[in-house]
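What follows is a short report on a single structure.
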Amino acid sequence: MKPPTLTRTVRSGSPEETHRLGVRLGGLLQPGDFIGLVGDLGAGKTHLVRGVAEGAEVPRSQVASPTFAIVYPYSGRIPLYHADLYRISDEDELYATGFFDLVGGPGAVLVEWLDQVPGAAPREFLRLTLRPTAEDARELQAEAFGARPAALLAAWLP
Ligand SMILES: Nc1ncnc2c1ncn2[C@@H]1O[C@H](COP(=O)(O)OP(=O)(O)OP(=O)(O)O)[C@@H](O)[C@H]1O
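Reading the sequence shown from the start, the letters are residues 81 to 238 in our numbering.
This is how it looks when you write it as structure tokens:
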């Protein structure tokens, strides 16, 4: 894979801080943006996702923890598609869900467990990796691939 266009690393000292980082990112999302989240169980992905949804003005009642469906469509300021690839084992299975129809479509796409399926990410996207560094601390590494993801990242974490 090509090296990222732009990278940033930030620390979050609490779940609330991770949520607030998500809110600020959600406020910047535009149709066509693709964000992939990477991080083990308990890394803090759910806090970040809920923040992004709030920032994108998605009503709280819509926001799910993906369990049965692979993709949850939300309507906020723009359409936001929340996907979870945890239980997907390969690209063929992902094709069958219609996931690839969303990419570059009228909404933004936010994908948990992106690294579960090689080939799930489009050419241009923002990858966010969460790693625990202490009980309440998380390191968030952001890697933008492409011009629009880099502009989004630069606006989010100047
Ligand atoms: N700085 C932090 N940011 C986010 N979560 C934190 C932080 N510090 C501690 N936590 C705790 O870590 C846990 C993160 O859980 P969360 O469900 O967000 O993780 P997840 O990555 O979505 O895991 P899963 O894949 O199991 O759903 C929560 O219990 C949360 O309170």
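Built from N, CA and C at the ideal position, the CB exists for glycine as well.
Computed from a predicted structure; not experimentally measured.
Going by C-alpha distance, which of the options is nearest residue i?
i: Arg-143; options: Val-118, Gly-226 and Leu-190; result: According to the sequence as given, residue 143 is Val; it is not Arg. The residue with the shortest Cα to Cα distance from Val-143 is Leu-190.
i: Gly-156; options: Val-103, Leu-232, Arg-88 and Ser-94; result: Val-103
i: Glu-192; options: Gly-124, Ala-136, Ala-214 and Leu-232; result: Gly-124
i: Ile-115; options: Arg-91, Tyr-161, Pro-238 and Glu-215; result: Tyr-161
To the nearest angstrom, how far is the alpha carbon of residue i from that of residue j?
i: Gly-122; j: Arg-218; result: 10 angstroms
i: Thr-177; j: Pro-159; result: 18 angstroms
i: Leu-165; j: Glu-173; result: 10 angstroms
i: Asp-181; j: Met-81; result: 23 angstroms
i: Ala-163; j: Thr-213; result: 26 angstroms
Return yes when the C-beta of residue i is under 7 angstroms from any heavy atom of ligand 3, and no when it is not.
i: Ala-222; result: The model depicted lacks ligand 3 and carries ligand 1 instead.
Using the three-state DSSP reduction, which class does residue i fall into: helix, strand or coil?
i: Tyr-166; result: coil
i: Val-138; result: coil
i: Arg-207; result: strand
i: Leu-182; result: helix
i: Val-143; result: coil
Compute the minimum distance between the beta carbon of residue i and the heavy atoms of ligand 1, and state whether it is under 7 angstroms.
i: Leu-121; result: yes
i: Gly-39; result: Residue 39 cannot be examined here, being either before or after the span of the chain that is shown, 81 to 238.
i: Glu-219; result: no
i: Lys-125; result: yes
i: Asp-240; result: This structure leaves residue 240 out entirely; the chain is present only between 81 and 238.
Let me know the beta strand (DSSP E) ranges lying completely inside the stretch 86-129, each 3 residues or longer, listed in chain order. Counting whole runs of 3 or more residues, the stretch 86-129 contains the beta strand (DSSP E) stretches 86-92 and 114-118.
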